[in-house]
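Numbering (this note's numbering), first residue to last: 11 to 293.
Just so it is clear, CB atoms sit at the ideal spot from N, CA and C, and this is done for glycine as well.
To keep things clear, I will list the structure first and then write my remarks on it.
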Ligand SMILES: Cc1cc2nc3c(=O)[nH]c(=O)nc-3n(C[C@H](O)[C@H](O)[C@H](O)COP(=O)(O)OP(=O)(O)OC[C@H]3O[C@@H](n4cnc5c(N)ncnc54)[C@H](O)[C@@H]3O)c2cc1C
């Protein structure tokens, strides 16, 4: 499937890469074409329009793309991180609303975790999400967000509780939401066709449905004390389902799990002592 999908580009992929790199331009038409060939949603559930392929196949795609065009591979990688979080932790309604267009490559995701004062130590992030009527208002700044100005949906990590990773909640924010604006892209020496943005959130209202379920308390939406899990979510203990959206903190960062994301139909997380977690390395 990968070979067939990339055949159209042939050796042109490196040439295209050189042109886009020279211009410092985001290759949206190329992403769309990859999506049309089924390469933007390889390891995801066919029920949402995914390819249902083994995670290994997605890694082969990333490797193959990176051979010719690393910035393109990074863009697909970030998009996959977002789709994975939505498939695993969004409500069924949100999955059905977002995933089909994302997995077909009509819409793309960006991953907004890093801030000016929290990179490796992601769990110390300061962006706040304050409870409002029917949702949350996000205020803060994000840094180094790959395709943050181009993406349709941003996975934004913000603090809803106390210090540390457990005080953080993930939200899906649409690009046209009032209060969100991409401030500026960084001027980079390389990966110039992969725009890296600073993002601003000013009282940006996100409805409850766009808050992802807490990995710490799997059957409760984050920040809630009592609501039921979204329909269809498996009832497994936290230690078996946990994902930290890259928020393992300094100690955790040093112990990055080598396990792939659970969007693999075949991968299962190893059991871990209570309180520990798997983590997705930052993009
Ligand atoms: C091109 C690009 C694209 C990116 N895209 C995204 C994106 O899409 N979304 C997103 O959220 N982020 C993104 N990032 C941010 C990236 O995840 C961070 O740069 C990364 O987490 C490191 O953070 P930092 O730059 O603040 O470095 P720091 O955390 O300040 O680290 C600086 C150095 O100190 C070392 N260090 C850190 N902690 C320790 C420790 N405890 N002990 C010893 N050494 C340590 C690090 O290894 C590193 O060498 C991107 C970054 C780049 C450059």
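For residue i, which three-state DSSP category applies?
i: residue 52; result: coil
i: residue 98; result: helix
i: residue 63; result: coil
i: residue 205; result: coil
i: residue 212; result: strand
i: residue 105; result: helix
i: residue 261; result: With a pLDDT of only 41 at residue 261, under the threshold of 50, the placement of this residue in the model should not be trusted; the figure read from the coordinates follows. Residue state, collapsed to three classes: helix.
i: residue 235; result: Since pLDDT at residue 235 reaches only 37, below the 50 mark, its modelled position is unreliable, and the value read off the structure follows with that caveat. Three-state DSSP puts residue 235 in coil, outside helix and strand.
Is residue i near ligand 1 - that is, is its Cβ less than 6 Å away from at least one heavy atom of it?
i: residue 181; result: no
i: residue 121; result: yes
i: residue 156; result: yes
i: residue 80; result: no
i: residue 203; result: no
i: residue 224; result: no
i: residue 126; result: no
i: residue 206; result: yes
i: residue 129; result: yes
i: residue 96; result: no
i: residue 178; result: no
i: residue 92; result: no
i: residue 88; result: yes
When the cut-off is 7 Å and only beta carbons count, does residue i lie next to chain C?
i: residue 94; result: In summary, chain C is missing from the structure at hand, where a single protein chain is found.
If I follow the unbroken alpha helix (DSSP H) through residue i, where does it start and stop?
i: residue 38; result: 38-46
i: residue 30; result: 22-33
i: residue 17; result: 12-17
Contained beta strand (DSSP E) runs [length at least 3] in the region 109-196, N- to C-terminal order: As far as the region 109-196 is concerned, its whole beta strand (DSSP E) runs of at least 3 residues are 119-122, 138-142, 145-156, 163-169, 178-184, 190-195.
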